[in-house]
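Protein chains in written order, with UniProt numbering: chain V, 1 to 372; chain X, 1 to 372; chain W, 1 to 372; chain G, 1 to 372.
Cβ coordinates follow ideal geometry from the N, Cα and C atoms, glycine included.
The block underneath contains the structure these notes are about, expressed in structure tokens.
Protein chains: 4
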Amino acid sequence: MKPSRTSLKIGELATGQDLELPIFQFEPADITAPSVYIQANVHGAEVQGNAVIYQLMQLLENCELRGKVTLVPLANPLGINQKSGEFTLGRFDPITGVNWNREYFDHKVDVAAWYAEHSHLADGELIQAYRAMLVERCQIRLQSEWGVTTGQQQAVMLQRMGHEADIVLDLHTGPKACKHLYCPEYDAEAAKLFSIPYTLLIPNDFGGAMDESVFCPWWQLSEYVGAQGRELTVPVSAFTLELGSQEYIDLDDALVDAKGIMAYLSHRGVVADSVPAAPMQRFACYLKDYKKFHSPMGGMVEYLAKVGQPLVAGEPLANILRLDQYGSSKVLTPLCLSQDCVPVLHFASASVYQGTELYKVMTNVFVMTNSE
Amino acid sequence: MKPSRTSLKIGELATGQDLELPIFQFEPADITAPSVYIQANVHGAEVQGNAVIYQLMQLLENCELRGKVTLVPLANPLGINQKSGEFTLGRFDPITGVNWNREYFDHKVDVAAWYAEHSHLADGELIQAYRAMLVERCQIRLQSEWGVTTGQQQAVMLQRMGHEADIVLDLHTGPKACKHLYCPEYDAEAAKLFSIPYTLLIPNDFGGAMDESVFCPWWQLSEYVGAQGRELTVPVSAFTLELGSQEYIDLDDALVDAKGIMAYLSHRGVVADSVPAAPMQRFACYLKDYKKFHSPMGGMVEYLAKVGQPLVAGEPLANILRLDQYGSSKVLTPLCLSQDCVPVLHFASASVYQGTELYKVMTNVFVMTNSE
Amino acid sequence: MKPSRTSLKIGELATGQDLELPIFQFEPADITAPSVYIQANVHGAEVQGNAVIYQLMQLLENCELRGKVTLVPLANPLGINQKSGEFTLGRFDPITGVNWNREYFDHKVDVAAWYAEHSHLADGELIQAYRAMLVERCQIRLQSEWGVTTGQQQAVMLQRMGHEADIVLDLHTGPKACKHLYCPEYDAEAAKLFSIPYTLLIPNDFGGAMDESVFCPWWQLSEYVGAQGRELTVPVSAFTLELGSQEYIDLDDALVDAKGIMAYLSHRGVVADSVPAAPMQRFACYLKDYKKFHSPMGGMVEYLAKVGQPLVAGEPLANILRLDQYGSSKVLTPLCLSQDCVPVLHFASASVYQGTELYKVMTNVFVMTNSE
Amino acid sequence: MKPSRTSLKIGELATGQDLELPIFQFEPADITAPSVYIQANVHGAEVQGNAVIYQLMQLLENCELRGKVTLVPLANPLGINQKSGEFTLGRFDPITGVNWNREYFDHKVDVAAWYAEHSHLADGELIQAYRAMLVERCQIRLQSEWGVTTGQQQAVMLQRMGHEADIVLDLHTGPKACKHLYCPEYDAEAAKLFSIPYTLLIPNDFGGAMDESVFCPWWQLSEYVGAQGRELTVPVSAFTLELGSQEYIDLDDALVDAKGIMAYLSHRGVVADSVPAAPMQRFACYLKDYKKFHSPMGGMVEYLAKVGQPLVAGEPLANILRLDQYGSSKVLTPLCLSQDCVPVLHFASASVYQGTELYKVMTNVFVMTNSE
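In structure tokens form, the structure reads like this:
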């Protein structure tokens, strides 16, 4: 089965040129499984997700599908095309500085009020009504007489597509990073299916990202009706997959991650074929234990700790080289932590200001035991 | 009286060079009035505040001072020196994209708990204890083992100086703007003293800016103890003065604003000499009525509405010129609002993407009657 | 008569999106006059030329045309859409740093060799053969197996269109500037027709700009055959019009410049209607007398000298404000020149590094007497 | 022996802060060998040269020196500190776009005239007089009443130090690159001493770089007097060492290159100790055979050819991935060359515009036979 291709206008440049997204869609005749929405490259330099979508579409063409799958590569055309020197300055809007992945809409649903009006509905209808409300609110958001920002328009148009799906995957990368997954705590079992060794378990807080914008309203609903004595499993799944390092395309590695996604889709019944998860040890920590380490000084950086490899307390993360201090002990300063950790990513450049985020590390890491 | 000059290290560059702030201080022998803290140029392109500090220091040298006055021009050395083409890219951190004026620390004081422990104190002692707590929390914030970002370090070091003063003025400008003042609602009378015709009355919400970081914790305290039946006027004043347009220095106009500040300081007793406020009609609106208008399309912009001049509903703010559409009606699109407003600022560039913030306008504007 | 509209692909972005130019063409049935090529906005922030083309096309629609007129607004889509903060970073390629107006192709024709082969041709045939050679060389340049840079491809595709015309106008602006014209010395009379008071008379040196890329090969031919005793007037005219300041659109002022262009086209017979030149005093200097003044120090700049207004030796161009030096004589430094000049443009930002080009000034200015 | 440390002011920022270079100098009491000047990090992201200087200074401290050695790490403080996103935008001046390594001064010495006046001098005196002239011209250049640009001031101050030495090493890196050396043709033997496998042999053309600015005037003199029948070996040596990839610090690898430099200095007698060149096969090509390959299309790039590894004609350099073309043959395009080559460097980002310089490759590569 071949996907259909459409496009969606999400903005206009100063020259008048349209900003358009390519949208690929696999729509089986007989739908019995959840629908899926996958996007990539919302941060301009994080290109590998496109390669994963490329490999995934080829796999999907050759399997039996039971749910609709929508794929949006190159999801931020303005960011992708925004070069600054030999680098893609696509992490934030070049005009406003706002991170493209913090522009999604916080519905701030008054769940109590909404549920008071809809509590009579059966679960299926309840879910349908709630989803319709989320989609409509995105629509209203886009139609403000005062307009919305460039980044909000793009984000809310993507989010609207996300709300219409049951499963949402947002494909990112770190700067220099090992593969890791942002997974809501309620969905921790899913983390054992992707080809990703490290998982961050995130709570029900909206921080502006796509995955949160999709699952938070549902999680809130689930918790609220739970408190009212009605059990309602969160009916959507949304994850951010961090597929290694930015500014890097590797088709072979993309196939590995495409197969991990297939394993998850197989598990969810979207793909009829049985695709096993890749065997690997999987580790996790809670988001509160995911720490940012900022450089205590300016200088040149020799990154010593490898991403994805455990680091014992007291072993150096990095050396700071300060040639201006040659002749003193400050010429070379090793930076260490006082606790064990797993470095997950580090800064992309080899020179930093004081305060530059040097490493992100997982602490209090635990093995995800296989409950199945 | 001449000011003393010291400097404060607030960061380190990649080359190892220190980032330093010049600090000027007038400290009269006999202090009977509130202390004052004034900073300028936190956004790199907003340079006119430096010229105002220059004129103000010359006025202060020649008057009788009764309170300590601390002045910090050039308050963001990294931002000021960050050029991009013929422009100063100093609105946000070039690495993270975070607005330099959204990095201040939200104390999130648990006012109830704090007051439970300190309610026995008399007003003077209560204020002293609360202030000491705010200063100490800034200090703790700066000493995190994980470090803080470049922008947080700069902001919290400025904020700590702000907490030590009774009056805080943060000197900014708009992109292309008329003069306007951000004034907390509780301090509206103060707005009649500065040489600024337009005032935005802001509520007790922390949005990350310097003025809010200073007054919000006090306003919260005042409201809380008020609810407990104890009257405590907010003991600090903090304002953001928007002194016209960025990328512009005008010494004569700086003198006008320096005199406006002198009128306020005179009113507060900091300056013994009587300095009258400049006679002018002053207008205000509430922050909720201060609207951002985003361009509904990409194109070239002819800005038609002048900043600081009322605009009747239906009159055009701007024309969007779209040469690619020559021959159709879309080649020239006038943009209008459906309500009366006062345009306060517009975008600095003459070409926009769809969604670029084109104008900020005041609606529901009212005259500030002179109650004195 | 309405223009036709076509488009030309001049590049491809990272997302795969085409970079396209809109091309408008007036082509009268009966052609008896020179052909004209006009482009605008090769530097991204220099947008006013688009407004001039807008006004000019409306004038052309209502006049009797005798020559073909090709107009290319928005000629650098990549540069126009490249924002950095509230500014258009469109002066140089964001990847390579190369000025978009220094990418034109230097034919380095071996005129002696070429003329040895073609000296038998009559003037008309000679011109036709030389033009065909220039166009073909552009074509070859674009077909290199190693490819050409993004900027070269754009430039050479524009240049090829320029070579096909007899009259080439390249519409630019300065940063903060008065109107001025780059005019080759052999064509000085033409400077009296545009609505532009200041003219720079440029010699036969190729510096990489569009106008030079068009006229230099012809000027070389003319000089060479002149030395061989054959008189051949340079058969092409090419000018760069600097239409005031960047980041600024003004439709009324655009009409003034459109009429100036009409006066020139009328003089050249392209427009049958008689359009007189606007009466104004016109001044000129030679390019060697057009001086760049670099700031001798870093600091904040109060621009004092107005562009387009003569400045007497010893009068200040600008003040440099250095708050870090408050208390010393260095806090305010006026910058003066030791000779009379006319400031033509100044830097766009109000803060500079040591060495930033602060002003460009004309020296040894003379009145262009009207020889007609 | 410990080096002395001084500093040199080479500019001033907008805040007034000085731009300073640290200068380290080893000056033996008894000088019998050529003097050496080594600088690093003129391009802001090319940091590894600092690490090499760090290792080299430690080696120099422990050897017997016979010539003066001057080392300038961190040679472009403005460029090093100029961040754009997670990258150092230090290849070109952020205001003007001019490459920091194309700002050196072209003396354009009228060698014939100069020699006419100085031909009576013996070789030693001739060299001394010529050197004094070059240094003085740099000085004059810096004292222009119109000032020089920020980049010219920095470059000419560095160049002046270079002219005072007999041996000049400029330490750079490529974007993603293997180690390679720019070596003037007259000095090809020297290429066998550094720990660098690939050499580009460059002719006597000034392109704006440091090494050329140092050796070109001497090469011209040597050639001119040679034509007059007087043999004068070029008395200076100047090389650009490209030490791998930018944005990368590796102290172990820096030691390898420091030892390579020691081998050269030992060969030249600067270091009394005998330091052998590292055994390795060394390859070279002429600069005319060093080719830039520009991407024929926009898209995402999978770099396939490894730098420093020979590539056979027809083997792919890279794949261009174009998700917007999924479903057509254009979704994946391998890019090949029709001749054998050694890829030396490739672009740093994994997405490109049409025309982006994708790879630089050596063609017509030959082995440098060891003549010793």
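(request) Run the CB neighbour count on V:GLU185, radius 10 Å, all protein chains shown included, and call it buried at 16 or more, exposed below. (result) exposed
(message) Relative to the C-alpha of X:LEU134, which candidate in X:GLN220, X:ASN101 and X:THR15 has its C-alpha closest?
(response) Closest option to X:LEU134, judged by alpha-carbon separation, among X:GLN220, X:ASN101 and X:THR15: X:GLN220.
(message) Going residue by residue through the segment 146–232 of chain V, where are the continuous beta strand (DSSP E) segments of at least 3 residues, counting only ones entirely within it?
(response) 167–174, 180–184 and 198–202
(request) Report the partner residues of V:LYS291 according to the DSSP bridge assignment. (result) DSSP links V:LYS291 through a beta bridge to V:VAL361.
(message) Please classify V:ILE31 as buried or exposed, where buried requires at least 16 other C-beta atoms within 10 Å of its C-beta.
(response) exposed
(request) Indicate whether X:ARG102 and X:ALA209 have their beta-carbon atoms separated by less than 8 angstroms. (result) yes
(message) For a test of the three-state rule: what should DSSP assign to V:ARG5, helix, strand or coil?
(response) Here V:ARG5 carries a strand assignment [DSSP, helix/strand/coil].
(message) I'd like to know if the segment 224–239 of chain W and the segment 108–127 of chain W are in contact, where contact means that at least 3 CB-CB pairs between them fall below 8 angstroms.
(response) yes
(message) Taking the beta strand (DSSP E) that G:PRO22 belongs to, which residues open and close that run?
(response) 18–26
(request) Could you run through the segment 99–132 of chain X and flag, in chain order, every residue whose CB is less than 7 angstroms away from some CB of chain V? (result) Here the close residues are ASN99.
(message) Quick check: is the beta carbon of X:ARG91 nearer than 8 angstroms to any beta carbon in chain W?
(response) yes
(request) Kindly give me the distance between the Cβ atoms of W:LEU345 and W:PRO175, rounded to whole angstroms, as I take these residues to be in contact under 8 angstroms. (result) The Cβ separation is near 6 angstroms, so the contact holds.
(message) Please return the same chain residues whose Cβ sits closer than 6 angstroms to the Cβ of W:PRO22, not counting the five positions on each side in sequence.
(response) Only residues of its own chain outside the window of five on either side were considered, and among them SER7 have a CB closer than 6 angstroms to the CB of W:PRO22, listed in chain order.
(request) Please list, in chain order, all residues of the same chain as X:TYR224 whose beta carbon is under 7 angstroms from its beta carbon, the five residues on each side excluded. (result) VAL111, ALA112 and TYR115
(request) State the DSSP-derived secondary structure class of X:GLU372, mapped to helix, strand or coil. (result) Confidence in X:GLU372 is poor, its pLDDT being 43 and thus under 50, which makes the residue's placement too unreliable to answer from.
(request) Report the option in G:GLU145, G:PHE87 and G:TYR130 whose CA atom is closest to the CA atom of W:GLY355. (result) Of the listed residues, the one whose Cα sits closest to W:GLY355 is G:GLU145.
(message) Which of the three DSSP states is assigned to G:GLY49 in this structure?
(response) helix
(message) I want to see whether chain V comes within less than 8 angstroms of X:GLU12, judged by CB atoms only; does it?
(response) yes
(request) Give the range of the alpha helix (DSSP H) segment to which W:LEU265 is assigned. (result) 251–267
(message) Do G:GLN55 and G:ALA258 count as a contact pair if the criterion is CB distance below 8 angstroms?
(response) yes
(request) Please classify W:ASN62: is it buried, with 16 or more other beta-carbons within 10 angstroms of its beta-carbon, or exposed? (result) exposed
(request) Please list the residues of the segment 225–243 of chain X that have a C-beta atom closer than 9 angstroms to any C-beta atom in chain W, keeping them in chain order. (result) none
(request) Note the first and the last residue of the continuous beta strand (DSSP E) segment covering V:VAL111. (result) V:VAL111 -> not in any beta strand (DSSP E); alpha helix (DSSP H) instead, spanning 111–118.
(message) Is there a Cβ of chain G sitting closer than 8 angstroms to that of V:ILE249, yes or no?
(response) yes
(request) Return helix, strand or coil for G:PRO310, following the three-state DSSP convention. (result) coil
(request) Starting from the Cα of W:ASP289, find the closest Cα among W:SER4, W:VAL361 and W:THR333 and give me that residue. (result) W:VAL361
(request) Starting from the C-beta of G:GLN246, find all residues in its chain whose C-beta is less than 6 angstroms away, skip the five residues before and the five after it, and write them out in chain order. (result) Excluding its 5 nearest sequence neighbours in each direction, G:GLN246 has C-beta neighbours in its own chain below 6 angstroms: ALA45, GLU46, THR173 and PRO175, listed in chain order.
(request) List the residues of chain X that V:TRP146 touches, going by C-beta distances under 7 angstroms, in chain order. (result) Those are LYS291, LYS292, PHE293 and HIS294, listed as they occur along chain X.
(message) At a CB distance below 8 angstroms, what residues from the segment 338–356 of chain X approach chain V? Give them in sequence order.
(response) SER338, SER351, VAL352, TYR353, GLN354, GLY355 and THR356
(request) Report yes or no: is there a C-beta of chain V within less than 8 angstroms of the C-beta of X:ILE95? (result) Against chain V, the CB of X:ILE95 has a partner CB under 8 angstroms away; the residue lies at that interface.
(message) Whole angstroms are fine: how far does the CA of W:LYS291 sit from the CA of W:PRO203?
(response) 15 angstroms
(message) Does chain V have any CB closer than 8 angstroms to the CB of X:GLN220?
(response) no
(message) Which residue wins for smallest C-alpha separation from V:LEU241, given the options V:GLY226, V:PRO217 and V:LYS192?
(response) Looking at the Cα atoms, V:LYS192 is the closest of the given residues.
(message) So that I know if they touch, is there some Cβ in chain X lying closer than 8 angstroms to that of V:GLY208?
(response) It does not; no Cβ of chain X falls within 8 angstroms.
(request) Just the chain X side, please: which residues come within less than 9 angstroms of V:THR149 by C-beta, in chain order? (result) LYS292, HIS294, GLY355, THR356 and GLU357
(message) Taking the straight line between their C-alpha atoms, what separation do you get for W:GLU12 and W:CYS336?
(response) Computed Cα separation, rounded: 47 angstroms.
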